[in-house]
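Each residue of the sequence shown is one higher than the last, beginning at 124 in our numbering.
We put the beta carbon where it would ideally sit given N, CA and C, even for glycine.
Note that the structure is a prediction, hence the values are computed from the model and not measured.
Here the structure is laid out as structure tokens; the discussion comes afterwards.
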Amino acid sequence: KPKNRLPPGPWTLPIIGSLHHLVGALPHRTMMALSRRYGPLMLLRLGEVPAVAVSSAEAVALVMKTNDLTFSSRPSIPTMDILACGGKGIVFAPYGEHWRQMRKVCIMELLSSKQVKRMEGIRAELVGNLIRHIADTASTGAAVNISEKVTRLSNDVVTWAVFGSKFAQQGEYLRTLYDTLALLGGFHLIDFFPSSRLVRWLSNGEHNMKRRYSRVQRIIADIIEGRHEAKEAAGSGACNTNDDDMLDVLLRLQQEDALAFPLTTEIIGTVLFDIVGAATETTGRLLEWVMSELACHPEAMAKAQLEVRKVLGEDHRAVITNSDLAELHYMRMVIKEVLRLHPPTPIILRMNQEDCKIMDYDIPKGTSVYVNIFAVSRDPKHWENPEQFKPERFENSKMDYMGTCSEFTPFGTGRRRCPGIQFSSSLTELTLANFLYHFDWMLPDGATPASFDMSEKFAFTVSRRTKHRKFLFYSDETVIDGFVPLSFSGSWITAFTAVAISFGELNPSV
Ligand code: HEM
124 KPKNRLPPGP WTLPIIGSLH HLVGALPHRT MMALSRRYGP LMLLRLGEVP
174 AVAVSSAEAV ALVMKTNDLT FSSRPSIPTM DILACGGKGI VFAPYGEHWR
224 QMRKVCIMEL LSSKQVKRME GIRAELVGNL IRHIADTAST GAAVNISEKV
274 TRLSNDVVTW AVFGSKFAQQ GEYLRTLYDT LALLGGFHLI DFFPSSRLVR
324 WLSNGEHNMK RRYSRVQRII ADIIEGRHEA KEAAGSGACN TNDDDMLDVL
374 LRLQQEDALA FPLTTEIIGT VLFDIVGAAT ETTGRLLEWV MSELACHPEA
424 MAKAQLEVRK VLGEDHRAVI TNSDLAELHY MRMVIKEVLR LHPPTPIILR
474 MNQEDCKIMD YDIPKGTSVY VNIFAVSRDP KHWENPEQFK PERFENSKMD
524 YMGTCSEFTP FGTGRRRCPG IQFSSSLTEL TLANFLYHFD WMLPDGATPA
574 SFDMSEKFAF TVSRRTKHRK FLFYSDETVI DGFVPLSFSG SWITAFTAVA
624 ISFGELNPSV
């Protein structure tokens with residue numbers, strides 16, 4: 124058999140391979156720097172695990188579109204396999220019949236347009252509570268931690284969609300989920316030496332993950348039991364499928380026995396864990412980055428505010444809803460630009476189920492594929508001044524984030540593209556429109572955009588590293604480009620009020 128022609132890669136050391144290039148650094152940035160030297164397909168040896176990093180739009184198109192089926196599985200990584208729960212969920216499940224069925228349930232039932240629409244009133248209520256809270260805090264002059272607020276908002280919206288309005292175990296569930304995700308984003312030796320009994324014996328990564336994940340599953344099992352009891356107590360006449368949350372939908376499918384396999388409580392728990400995990404962190408991080416970039420770019424902030432205030436007018440009701448947002452083109456460009464510069468999940472994990480040839484290189488079956496969408500959306504070949512925040516680059520451009528353009532895939536593309544795009548963008552747009560409409564956001568006295576620390580922290584998703592940094596968000600009578608500041612007399616909210624905000628440590632507990 125002729126020898127495989129493997130992609131080039133950085134120099135390796137015995138046993139650890141290329142690990143020394145990546146440990147301790149931000150992997151998406153290190154891989155981007157390395158790929159600029161070694162090419163868009165780069166071979167990495169992560170301990171004993173062969174991996175290929177994909178870092179250009181052309182390579183993304185070949186891997187995730189032309190050869191989508193071949194690369195539509197997820198790699199087997201010991202700590203991640205615990206969350207995959209033998210492939211019972213969706214996010215970490217290998218490609219196959221089970222994944223196909225669960226994906227169909229996700230798209231047709233759990234994250235359908237009907238479900239997103241059902242959530243409209245709930246989103247407006249929770250965003251309204253947040254706006255009221257910021258206004259109240261503003262009136263006392265105290266600080267608002269914007270990172271925590273947007274994370275909590277995202278948690279509340281997602282858990283409401285999944286489990287209904289506040290449930291008793293919400294705090295414990297979210298704490299355990301965040302602990303589990305933090306562990307997933309950490310470095311575990313066993314993930315790089317999966318065949319070594321010694322490493323397995325020495326490493327506590329798997330043990331810790333199992334402990335946390337079984338706690339998550341126990342909490343979900345309790346919730347499900349409680350739901351069964353509540354339904355029995357209410358009797359069958361109380362059914363109203365229009366109000367069904369995602370758990371109700373899955374329990375209905377379980378009862379109908381509608382799938383090709385029995386929908387066990389364990390499967391339901393795994394799928395719901397996947398959805399909450401995939402939804403909360405990502406949407407919260409995106410909102411945090413949007414506010415950070417706008418704080419650094421007052422001209423973009425002013426332009427976005429001007430648009431939302433012009434479109435919605437002065438006498439608009441207190442909480443803006445999704446149906447008011449159709450004309451907010453600049454705001455959407457801001458969101459796109461933030462997704463380009465800060466994709467919440469900068470690396471997408473895939474695995475090829477068959478041997479494959481890409482760009483004349485052989486990719487042997489079972490290779491872990493790291494699609495570095497961060498590097499792709501900062502590639503100077505496709506983006507002018509790629510490091511610059513410039514929402515206007517999307518003006519008159521048809522480019523969206525639905526996966527059609529390989530140079531911009533913050534939600535992935537192909538068979539495994541994110542099924543939560545609509546869910547996420549409706550919350551992001553609604554929150555941002557309300558933030559921009561009701562308040563002026565500025566840096567505190569003395570601080571300049573240049574001194575704002577935008578450094579990153581990688582842990583499953585990418586967040587801002589800086590903790591407990593305070594920013595001012597205060598009243599300003601300035602007329603922005605001919606726009607008369609709004610007067611909210613008689614309303615429960617006062618626009619342009621003095622508020623101190625910070626971007627800081629997250630506390631997902633409720
Ligand atoms: C800013 C928000 C979000 C971003 C940037 C994001 C990004 C992603 C990415 C990059 C993937 C992998 C796609 C691939 O392999 O090609 C993914 C998968 C997934 N996302 Fe999202 N996501 C977001 C929000 C959500 C929300 C709100 C939900 C659910 C309510 C969700 C549910 C999922 C699920 C279930 C998968 C796994 C799909 C599969 O493996 O078949 N995501 N997401």
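- According to the DSSP assignment, residue 395 belongs to the alpha helix (DSSP H) that extends over 388-419.
- Here DSSP, grouped into helix, strand and coil, assigns residue 196 to strand.
- In the DSSP assignment, the residues bridged to residue 168 are 173.
- Residue 465 sits buried, since 16 or more C-beta atoms from the chains shown fall within 10 Å of its C-beta.
- In the structure shown, residue 470 adopts extended strand secondary structure according to DSSP, grouped into three states.
- Under the DSSP assignment, residue 579 falls in the beta strand (DSSP E) whose first and last residues are 579-582.
- Contact annotation, residue 445 with residue 553: C-beta distance approximately 6 Å; criterion of less than 8 Å satisfied.
- Annotation for residue 535 indicates a beta carbon within 7 Å of some heavy atom of ligand 1.
- Annotation for residue 481: the continuous beta strand (DSSP E) segment containing it runs 479-481.
- Positions of the alpha helix (DSSP H) runs, each at least 4 residues long and wholly inside the segment 508-580, are given as 544-561 in order along the chain.
- With fewer than 16 other CB atoms across the displayed protein chains lying within 10 angstroms of its CB, residue 230 is exposed.
- With contact defined as three or more Cβ pairs closer than 8 Å, the segment 377-388 and the segment 423-432 are not in contact.
- Between residue 461 and residue 413, the gap from beta carbon to beta carbon is short of 8 Å.
- Taking residue 273 as the centre and dropping the five residues before and after it, the same chain places the C-beta of 407, 410, 411 closer than 6 Å to its C-beta, in chain order.
- The criterion of a C-beta distance shorter than 8 Å is satisfied by residue 453 and residue 514.
- Secondary structure at residue 380: coil, using DSSP grouped into helix, strand and coil.
- For residue 486, the enclosing beta strand (DSSP E) starts and ends at 484-486.
- Residue 421 has its CB no nearer than 7 Å to any heavy atom of ligand 1.
- At a Cβ-Cβ threshold of 8 Å, residue 185 and residue 481 count as neighbours.
- Assigned with DSSP and collapsed to three states, residue 448 falls in coil, not helix or strand.
- A Cβ-Cβ contact shorter than 8 Å links residue 529 with residue 188.
- At a threshold of 7 Å, residue 249 does not count as near ligand 1, since its beta carbon sits no closer than that to any of the ligand's heavy atoms.
- Residue 301: member of the alpha helix (DSSP H) spanning 293-307, first to last residue.
- In the DSSP assignment, residue 491 forms a beta bridge with 174, 474.
- Beta-bridge analysis with DSSP links residue 136 to 140.
- Residue 233 holds the alpha-carbon nearest to the alpha-carbon of residue 286 among 251, 307, 233.
- Within its own chain, the residues whose Cβ lies closer than 6 Å to the Cβ of residue 212, once the five positions on either side in sequence are excluded, are 393, 394, 397, listed in chain order.
- DSSP lists 579 as the bridge partner or partners of residue 587.
- About 33 Å separates the Cβ atoms of residue 193 and residue 510, ruling out a contact at the 8 Å cut-off.
- DSSP, read as helix, strand or coil, puts residue 283 in helix.
- For residue 337, the uninterrupted alpha helix (DSSP H) run begins and ends at 328-357, by DSSP.
- Around the beta carbon of residue 133, a 10 Å sphere encloses 16 or more other beta carbons of the protein chains shown; the residue is thus reported as buried.
- Our two residues, residue 156 and residue 353, have alpha carbons roughly 55 Å apart in a direct line.
- Residue 147 carries a coil assignment under DSSP once its states are collapsed to helix, strand and coil.
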